[in-house]
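Okay, so the sequence shown: first residue is 494 according to our numbering, each after it adds one.
For glycine and all other residues, C-beta sits at the position ideal for the given N, C-alpha and C.
All values reported here derive from a predicted model rather than from experimental measurement.
Worksheet: one structure, shown below.
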Amino acid sequence: MTVAVVTGATQGLGLALVEGLAQRLSTQDTVYLTGRDLGRIGEAVESLPAGGATVRSELLDVADPASVTRLATVLSERHGGVDVVFGNAVMRVGPDDDPREIVGPYTDVNNFGTTRVMRAFAPLLRDGGKLLVVASSLGTLHYLAPVLHDRFDALTSLDDVDKTVANWRDAVADGSARGGAWPGFVNIPSKIGQVAAVRALASTRLAGDAERGILLAAVCPGMMNTPTSALWWDVSTAPTPATAAVPLLDLALSPTDPDHYGQLIRYGAVLPWAPG
């Protein structure tokens with residue numbers, strides 16, 4: 494029996510990933526649709542078409558360490574492990590938001606929430622399992638000033654990644670980031686932090702995961718036509734979340750490609766981490 498978990502799954506890409514997993518898996522399998530609001534979780538489950546895998550709802554607030562630990566414990570006791578994890582929970586930011594005011598909760602969900610999920614669920618992966626962090630093509634050093642590359646490059650633990658993200662968060666919050674080389678768009682360092690977290694964890698697990706066919710990777714779904722994206726760009730011709738989910742589902746349910754391990758993947762291809 495396959496067990497899959499999607500965080501941030503009550504709308505948009507997360508909901509599309511749950512629906513796609515349910516349709517592709519069998520009636521013997523289970524997909525967990527998670528979110529931090531019981532009402533929205535229930536509505537999301539009810540919105541899905543019948544057939545395929547069983548979709549179960551579970552509370553999960555990635556900003557709450559106890560919530561992440563609780564769900565990991567529940568699924569370990571209930572199933573003995575998991576096969577697919579999509580780390581998709583995200584706090585959205587708009588053009589009118591003041592980075593100094595939102596960077597705290599923003600990083601607590603997008604970055605520290607990501608590393609919490611990785612710490613809790615990576616040990617639960619069964620042979621052939623996949624843990625995929627939904628990031629962005631912005632999550633590479635190409636979008637960061639060269640003077641800042643060493644902040645994220647070659648980090649070897651999730652603790653190191655968290656410290657780097659915390660230092661950036663604090664610089665944004667106190668305004669000092671504005672006088673330095675940091676980009677004003679908080680999404681860029683945040684996404685780089687997510688990919689750096691994948692790379693750091695992968696560096697510690699490579700040998701064992703290779704033997705067991707496990708994949709840790711970051712994934713880029715590309716631009717999507719969503720209300721949040723529309724605040725920043727013209728997305729009228731961009732794919733829907735359902736369409737954008739397809740290559741991510743292909744990656745999650747196909748045999749593991751060793752070349753994808755620890756990398757950022759877009760449309761099945763590796764995006765280079767650093768210039769050159």
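For residue j and residue i, the rounded distance between their alpha carbons
{"i": "Thr697", "j": "Thr649", "result": "7 Å"}
{"i": "Val583", "j": "Asn680", "result": "11 Å"}
{"i": "Pro748", "j": "Leu708", "result": "9 Å"}
{"i": "Ser560", "j": "Met494", "result": "25 Å"}
{"i": "Val577", "j": "Ala647", "result": "26 Å"}
{"i": "Tyr599", "j": "Leu741", "result": "24 Å"}
{"i": "Val596", "j": "Gln516", "result": "37 Å"}
{"i": "Arg692", "j": "Trp766", "result": "10 Å"}
{"i": "Leu634", "j": "Arg563", "result": "34 Å"}
{"i": "Gln491", "j": "Val511", "result": "Since the displayed the chain opens at 494 and closes at 769, residue 491 lies outside it and no answer follows."}
{"i": "Gly622", "j": "Ser629", "result": "22 Å"}
{"i": "Ala502", "j": "Ile534", "result": "8 Å"}
{"i": "Gly587", "j": "Phe678", "result": "10 Å"}
{"i": "Ala674", "j": "Leu641", "result": "7 Å"}
{"i": "Val688", "j": "Glu594", "result": "24 Å"}
{"i": "Phe645", "j": "Thr657", "result": "7 Å"}
{"i": "Thr736", "j": "Asp743", "result": "12 Å"}
{"i": "Ala738", "j": "His572", "result": "26 Å"}
{"i": "Ala664", "j": "Ala670", "result": "5 Å"}
{"i": "Pro676", "j": "Pro542", "result": "42 Å"}
{"i": "Pro768", "j": "Val567", "result": "42 Å"}
{"i": "Val654", "j": "Thr607", "result": "11 Å"}
{"i": "Thr730", "j": "Asp589", "result": "24 Å"}
7 Å Cβ cutoff met for residue i and residue j
{"i": "Leu514", "j": "Ala537", "result": "no"}
{"i": "Val524", "j": "Ala556", "result": "no"}
{"i": "Tyr636", "j": "Ala695", "result": "no"}
{"i": "Ala690", "j": "Leu651", "result": "yes"}
{"i": "Ile758", "j": "Ala710", "result": "yes"}
{"i": "Leu506", "j": "Thr527", "result": "no"}
{"i": "Gly761", "j": "Lys684", "result": "no"}
{"i": "Pro558", "j": "Arg612", "result": "no"}
{"i": "Trp661", "j": "Pro639", "result": "no"}
Minimum C-alpha distance to residue i - residue among the options
{"i": "Glu539", "options": "Ala762, Leu508 and Leu553", "result": "Leu508"}
{"i": "Ser519", "options": "Gly544, Arg619 and His635", "result": "Gly544"}
{"i": "Val627", "options": "Asp752, Pro751 and Met716", "result": "Met716"}
{"i": "Phe614", "options": "Ser629, Ala565 and Val511", "result": "Ala565"}
{"i": "Pro764", "options": "Leu641, Cys713 and Arg671", "result": "Per the sequence presented here, residue 764 reads as Leu, with Pro not at that position. Here the closest residue by C-alpha is Cys713."}
{"i": "Gly668", "options": "Gly606, Arg571 and Pro592", "result": "Pro592"}
{"i": "Arg585", "options": "Val654, Pro734, Glu551 and Thr719", "result": "Thr719"}
{"i": "Ala659", "options": "His572, Arg671, Asp601 and Pro751", "result": "Asp601"}
{"i": "Ser550", "options": "Leu531, Val567 and Pro542", "result": "Leu531"}
{"i": "Asp643", "options": "Ala666, Ala664 and Gly686", "result": "Gly686"}
{"i": "Pro751", "options": "Pro732, Ser729, Arg705 and Pro734", "result": "Arg705"}
{"i": "Ala745", "options": "Val567, Phe579, Val548 and Gln504", "result": "Phe579"}
Cβ separation of residue i and residue j, assumed to be a contact under 8 Å, to the nearest whole Å
{"i": "Leu625", "j": "Ser569", "result": "Wrong, their Cβ atoms sit about 19 Å apart, outside the cutoff."}
{"i": "Asn581", "j": "Thr500", "result": "5 Å"}
{"i": "Val575", "j": "Arg619", "result": "7 Å"}
Any C-beta of chain B under 7 Å from that of residue i
{"i": "Ser540", "result": "This model lacks chain B altogether; it includes just one protein chain."}
First and last residue of the uninterrupted alpha helix (DSSP H) at residue i
{"i": "Asp652", "result": "Leu651 to Ala666"}
{"i": "Ser683", "result": "Asn680 to Arg705"}
{"i": "Val538", "result": "Leu531 to Ser540"}
{"i": "Val561", "result": "Pro558 to His572"}
{"i": "Leu742", "result": "Pro734 to Leu746"}
{"i": "Ala497", "result": "Element bounds for Ala497: not the alpha helix (DSSP H) but the beta strand (DSSP E), Val496 to Val499."}
{"i": "Val555", "result": "It is not in any alpha helix (DSSP H) - Val555 carries neither H nor E in the DSSP assignment."}
{"i": "His642", "result": "His642 to Phe645"}
{"i": "Gln516", "result": "Gly505 to Arg517"}
Terminal residues of the beta strand (DSSP E) in which residue i lies
{"i": "Gly622", "result": "Leu618 to Val627"}
{"i": "Gly580", "result": "Val575 to Gly580"}
{"i": "Ile758", "result": "Leu757 to Arg759"}
{"i": "Gly528", "result": "Thr523 to Gly528"}
{"i": "Thr547", "result": "Thr547 to Leu552"}
{"i": "Val602", "result": "Unbroken run through Val602 is the alpha helix (DSSP H), Pro592 to Asn603; no beta strand (DSSP E)."}
{"i": "Ala762", "result": "Ala762 to Leu764"}
{"i": "Leu709", "result": "Leu708 to Cys713"}
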